[in-house]
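Numbering (the numbering used here), first residue to last: -14 to 234.
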């Protein structure tokens, strides 16, 4: 209990229970039967092809994405309830909630759920708990630093065979998520989608000044990738009327 109390994180359960209460019976059952979802859940392979570990669902506001996310969380939790080697962690982002909109709080939420799963299935005495016990020796007030949280989360994830992370409303906290990925993940920053648009091009299209600034701070960013319409990020910024981004570029 002391170890869990040490991890200052958002209460994800309350938000999840609230959404589940509002979800109508039968909602999303067809989605759970789709091959794309089953392949993602089971990490199936097709020949030499391994399906992506990321499953993303987008839609307009009010389309019901939060209900779908809650459904997936419940489905995964029920499916692997008796498997101590699988953890399901989740977070509902909310820009108006300080507890969910920072990188530190996001990672702490996943860390706490992972450690809690370990404590339910075994006497945790190795990697994450040892590190946390050492941190208990600090003088209050205590709060995990971002780098410490990342290290502890990696240690915790490695204790499982599978570690599912479900995030709802990522667009509510897009800046923090991009910052986190750029700083702590091996990101192919110049990778282009099927329309030949890179992360920089997409950020420009959406008028995200702050994210454009983040991307430009990378010394490996390609400034002039050409998309399928022959446009560069600068041309799209000009045509889109994003004057502040034009200045940045």
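All C-beta atoms, glycine included, are put in the ideal place defined by N, C-alpha and C.
Who are the Cβ neighbours of residue 224 in its own chain at under 8 Å, not counting the five residues just before and after it? Within the chain shown, the letter at position 239 stands for residue 224. By the criterion of a C-beta distance shorter than 8 Å, residue 224 is surrounded in its chain by 216, once the five residues flanking it on both sides are discounted.
Taking Cβ positions, are residue 40 and residue 152 nearer each other than 8 Å? Taking the chain shown and counting its residues from 1, one reaches residue 40 at position 55. Taking the chain shown and counting its residues from 1, one reaches residue 152 at position 167. Cβ atoms of residue 40 and residue 152: not closer than 8 Å.
For residue 132 and residue 62, what's the separation of their Cα atoms in angstroms? Translated into the one-based positions of the chain shown, residue 132 becomes position 147. Translated into the one-based positions of the chain shown, residue 62 becomes position 77. Rounded to the nearest angstrom, the two C-alpha atoms are 29 Å apart.
Examine the Cβ distances between the segment 139 to 148 and the segment 67 to 76 and report whether three or more of them are shorter than 8 Å. yes
What's the C-alpha gap between residue 226 and residue 188? For the purposes of this step, residue 226 is taken as the residue at position 241 of the chain shown. For the purposes of this step, residue 188 is taken as the residue at position 203 of the chain shown. Taken atom to atom, the span from the alpha-carbon of residue 226 to that of residue 188 is near 14 Å.
Does the segment 9 to 20 touch the segment 45 to 64, meaning 3 or more C-beta pairs lie closer than 8 Å? Touching, yes, given that three or more Cβ pairs across the two stretches are closer than 8 Å.
Going by the CB atoms, is the gap between residue 159 and residue 206 shorter than 8 Å? Your numbering for residue 206 matches position 221 in the chain shown. Your numbering for residue 159 matches position 174 in the chain shown. No, these two residues do not count as a Cβ contact at 8 Å.
Opposite residue 65 in the DSSP bridges: which residues? If you number the chain shown from 1, residue 65 lands on position 80. Looking at the DSSP assignment, residue 65 forms no beta bridge with any residue, so it has no partner.
To the nearest angstrom, how far is it from the Cα of residue 79 to the Cα of residue -6? Reading the chain shown from its first residue, position 94 is the one you call residue 79. Reading the chain shown from its first residue, position 9 is the one you call residue -6. Residue 79 and residue -6: Cα-Cα distance of roughly 14 Å.
Residue from 21, 102, 18, 161 whose Cα sits closest to the Cα of residue 89: As a first step, residue 89 is located in the chain shown; it is residue number 104 there, counting from the start. Closest option to residue 89, Cα to Cα, is 161.
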